Each structure stands twice: as structure tokens, then as C-alpha cells.
Amino acid sequence: MFNVILRLIATGAYFLGVAMITRLIVGADFAIVVVIASALFMVGFHAISAYRLKNWMNDLRLDNAPELSGWWDELGSRIYRNLKTYHRQQQLLSNSLLAFRNAAQALPDGVITINKENQINWCNETAEAQLGLRSPRDNGQVITNLIRDPDFVAFIKAKSTEKSALIKSPKNSRQILALQRVNYGEDQMLILTRDVTDREKLEHMRRDFVANVSHELKTPLTVLLGFLETVQEIDLPPEQEKKYLTLMLEQGGRMRTLIDDLLTLSSLEANISTGNDETIFCDKLMDRLKTDALALSDGHHKIQFEVTPNLNLRGREAEITSAFSNLISNAVRYTPEGGAISVKWFTAENGDLHFDVKDSGIGILPLHIPRLTERFYRVDRSRSRETGGTGLGLAIVKHVLTRHNGQLEIKSEFGYGSTFSAVLPASRRAPASN
Ligand SMILES: Nc1ncnc2c1ncn2[C@@H]1O[C@H](COP(=O)(O)OP(=O)(O)O)[C@@H](O)[C@H]1O
Ligand SMILES: [Mg+2]
507 MFNVILRLIA TGAYFLGVAM ITRLIVGADF AIVVVIASAL FMVGFHAISA YRLKNWMNDL
567 RLDNAPELSG WWDELGSRIY RNLKTYHRQQ QLLSNSLLAF RNAAQALPDG VITINKENQI
627 NWCNETAEAQ LGLRSPRDNG QVITNLIRDP DFVAFIKAKS TEKSALIKSP KNSRQILALQ
687 RVNYGEDQML ILTRDVTDRE KLEHMRRDFV ANVSHELKTP LTVLLGFLET VQEIDLPPEQ
747 EKKYLTLMLE QGGRMRTLID DLLTLSSLEA NISTGNDETI FCDKLMDRLK TDALALSDGH
807 HKIQFEVTPN LNLRGREAEI TSAFSNLISN AVRYTPEGGA ISVKWFTAEN GDLHFDVKDS
867 GIGILPLHIP RLTERFYRVD RSRSRETGGT GLGLAIVKHV LTRHNGQLEI KSEFGYGSTF
927 SAVLPASRRA PASN
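Numbering (our numbering), first residue to last: 507 to 940.
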């Protein structure tokens, strides 16, 4: 204010000075003209400066600042400085907002922010993919109008109680999402979504597995206890008693086989080593397998072995023996009397090592084939049990082969027979024994 008064006094003194000097030099009349001209010039200068400043005010761009002088320049510079500070703060703010959004975008979980009217403020790409939303297209929409799944709607509406829920993804019914709600600010809500399909599948498998094991053990145990009670309560003739004892032994044996298979499988799954890789001399291994196959078949099948001599393998002998004999025992058990079984051990053209077991048995319908290596999966439960199967054999085979970098290939024609091939890579070949 003091500054302005000073300037006004200076301007007045200037005009008075000009008037007095002009009057002294060229007389009073001309002095009036000069003073009026100076005043007009002054007014013009101020009008132009004010006009430039007003024009700048329209967009207030930093690169568009007008050139001003005198008092107007001071004013312009002050506005310029304030504007610059404001722009810098704006930039900082938008940078940190961007950083937050980028961080939320990079989260492996879905993030949605909604307001108290359940309208979407923002969501990240994961949430878009999991819930079929699109941001910014859906920003401002009421979320329950877009996702109408009743569980989801109930979750959103249950404002204060339910904090988490499981729903099926509206985009893919096989995907299971865990939802979590976090309230913040004034009636703002953050919804986090996480894909828990694998976790749920595992949990399901675990429950199935426990139920299966209990069931498999309970059946022979019930039979065993039934016989025991009979033997204890009734005086049976010795022959009958012997028969019962034999049946009891059979059931006990079934339980032991199941537990053995379970232990094998669990140590394979836990990746517990059953020894180091060693050279497996396959001539001897095939001899042993043949003897076992003949004993198991007991003359009911034509069994043929075609073995490439001296074709040895590097691996864990106990595991490989168990896998190969599982395939042979299946062939024997699922091939009716009089059928043919042929076993081949050879190198394929690409160098892979093949252990093929071909049978002329009952065969398998294509729909079952992809599931055969699941634990306890059987095409025909009663046939498997009657022949002493546990439903774990092919699961063990698959694990053993995977641990040896190999795989199981199954070809089958329903009613005509099957070929199970254990394929191992050439890198598993061990040198011939001289
Ligand atoms: N050679 C085969 N021919 C026909 N079906 C087979 C053969 N091998 C396996 N299967 C089918 O695959 C199922 C799973 O096999 P596996 O895991 O060895 O269990 P199991 O103890 O029942 O033999 C069997 O129950 C049977 O239905
Ligand atoms: Mg089996």
C-alpha cells in the first residue's frame, strides 16, 4: 500500500515537473498540450498492459506470459512465480498419484475402490480381468449392476459384517476368487480380489484323498473284524476256521499293500530320495520282471518279452522296478484269460528309451485315459479291488517317470487292449556293461 502511494506521488510529481518545465520553456498553452499528451500516453500504456495481462489470464500458461514493464511487470512476475509454484505442486501431486496407481496396478491381486453408493472409482487390470470390469469405462457405475452374482451382491451389501467371501469369477466359472473388503475414509471401500482356484483345488484334492484312504482301509477292516467276531463267537469246524483265517490274511494283505503304496507315493511326492542314480542293468531287471509276470499270470496269458540286450538305464533301481512291474501287473490283471501280453524294451528312432507293455485286454474308453494317473482313479472299482489293485499304481508310475525326466504314454482301444509306454529320454541311457 505504501508502495502504491509512493508511486502515485511520484507520478503526480512527474506531471507537475513536466508542466512547470514546459511552461518555462514554451509557455502555458503548449504546456497544457504536453501534459494532456503525456497523460494520454500513460493511460494508453496502462490500458495495453492491463489488456495483455487479461489475455494471459484466459489460459494462464507459463510459456504464454506477456512482456510487461514497470509496475505491471512486477505484478506479472508475481503471478508468474505463484503459477510456477502451483504447477510444480500439481506435478508432484500427480506424480505421486501416478506412482500409487502404478503400484496398485502392479499388485498381483485385483483392487477396486468404490464409494458409499457402491459406485466404482477405480480398478486395476487384475480386477478387470477377474471380474470382467473396464476402467475408466465403468467408473461411476454401481458395481452390483455390473456384477450380479448373488454371493457378490450379498458381500457388497453386508456393509459391516462379512469382510471376506469366496465367489466364482463372473468371467470364468472355473476360477474361484477370494474377496476381501477394507473400509477407509468416509464410507469408501477397497475390494481386494485374489485367484484362489489352485488353493481350493488342492484343498478339494486333500479332502478327497483323506476320504478315499479312509474308505479303502475301512472296507478290508470291516471284513476282517467280521471274520474275527465270527471266529471268536462261534465254534467252527477246523476246515471252516482255516478258510476264514485265509480270507482274513487276504484282507490284511490288502491293507498292507495299500499302506505300502501310500508310503511309496508320499515319499515320491515329498521328493524324498530313495538312493542316488545308479546304473540299472536292464537285462537282469527284465529277467526278474518276466519271472514275476509269469508267476502273476499263472499260465493264464501268453506272455512275450522282447528286450534289446545291454540297454541300460541311469536311475533309481527300486523306483524303476516298481514302475515297470506296476505296468506289467496291470496288463495281467486287466487281460482276460487266454489274452496276450507283450513287453518291449528298446530305443526309439529319436533316441528315447521305451518300456512298452501291450495287452489284448479289456481296453479303456478315451474319456478315462487322461485321469488314470490320478490317485484312486479306477475305471472299474470292483474289478480293480478283486484283482488286488489299490488305484495308486499309475500315480506311482507317473511320479517315478517324472523324477526320471520321462513320461507315461497310454494308447487304448476299448474292448481290444491297451499299450502303456514308459518313455525315458536318451540322457538316461547308461553305458553297456562291456
Ligand atoms: N492294462 C490296462 N487295461 C485296462 N485298464 C487298465 C490297465 N491298466 C490300468 N487300467 C485302468 O486304470 C486304473 C488305474 O490303474 P492303477 O493306478 O494301476 O490302479 P489299480 O490298482 O486299480 O490297478 C485301473 O483301475 C484300471 O481301470
Ligand atoms: Mg495297478
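The beta-carbon is built from N, C-alpha and C at its ideal position, and this holds for glycine as well.
Keep in mind that this is a model prediction, so the values were computed, not measured.
- Leaving aside the five residues that flank N816 on each side, the residues in its chain whose CB is nearer than 7 angstroms to its CB run, in chain order, D789, A938, S939.
- The DSSP assignment places complete beta strand (DSSP E) segments of no fewer than 3 residues inside the region 671–721 at 682–690, 694–701, in order along the chain.
- In the structure shown, R935 adopts extended strand secondary structure according to DSSP, grouped into three states.
- Selection M761, T763, S772, L734 evaluated against Y750 yields L734 as nearest (Cα-Cα).
- Note that the C-beta distance between M695 and N621 is below 9 angstroms.
- Nearest in C-alpha terms to E892, of all of I786, Q597, T725, A824, is T725.
- Residue burial annotation: N509 is exposed, with fewer than 16 other C-beta atoms found within 10 angstroms of its C-beta.
- Beyond the five residues adjoining it in sequence on each side, T650 comes within less than 7 angstroms, by CB distance, of N624, V659, I662 in the same chain, given in chain order.
- If you draw a straight line from the Cα of G550 to the Cα of I626, it is about 55 angstroms long.
- Contact between the region 864–881 and the region 727–743 is absent: fewer than three C-beta pairs spanning the two stretches fall below 8 angstroms.
- CA-to-CA, the gap between G923 and S890 works out to about 16 angstroms.
- K590 is classed as exposed because its beta carbon has fewer than 16 other beta carbons within 10 Å across all chains shown.
- In the DSSP assignment, N818 falls outside any alpha helix (DSSP H) and lies within the beta strand (DSSP E) extending over 818–821.
- As computed with DSSP, C629 is found in a beta bridge with I618.
- Annotated three-state conformation of A664 is coil, per DSSP.
- In the DSSP secondary-structure assignment, W851 is bridged to V813, F861.
- DSSP, read as helix, strand or coil, puts V929 in strand.
- The Cβ atoms of D655 and P642 lie no closer than 9 angstroms to each other.
- With respect to the 9 angstroms criterion, W562 and A553 are not classified as neighbours on the basis of their beta carbons.
- When DSSP states are grouped into helix, strand and coil, L833 belongs to the helix group.
- Fully contained in the region 855–913 are the following alpha helix (DSSP H) runs of length 4 or more, in chain order: 887–892, 899–909.
- In this structure, the CA atom of D569 is about 43 angstroms from the CA atom of A537.
- When only Cα atoms are considered, I765 and S720 end up about 11 angstroms apart.
- Classified as exposed, R794 has fewer than 16 neighbouring CB atoms from the shown chains inside 10 Å of its CB.
- A distance criterion of 8 angstroms places the beta-carbon of R839 in contact range of ligand 2, judged by its closest non-hydrogen atom.
- According to the DSSP secondary-structure assignment, V541 is paired through a beta bridge with no residue.
- Rounded to whole angstroms, L723 and N645 show a C-alpha spacing of 57 angstroms.
- Here L900 has L878, T879 as same chain residues with Cβ atoms under 6 angstroms from its own Cβ, once five neighbours each way along the sequence are excluded.
- With 16 or more neighbouring CB atoms inside 10 Å of its own CB, N630 falls in the buried class.
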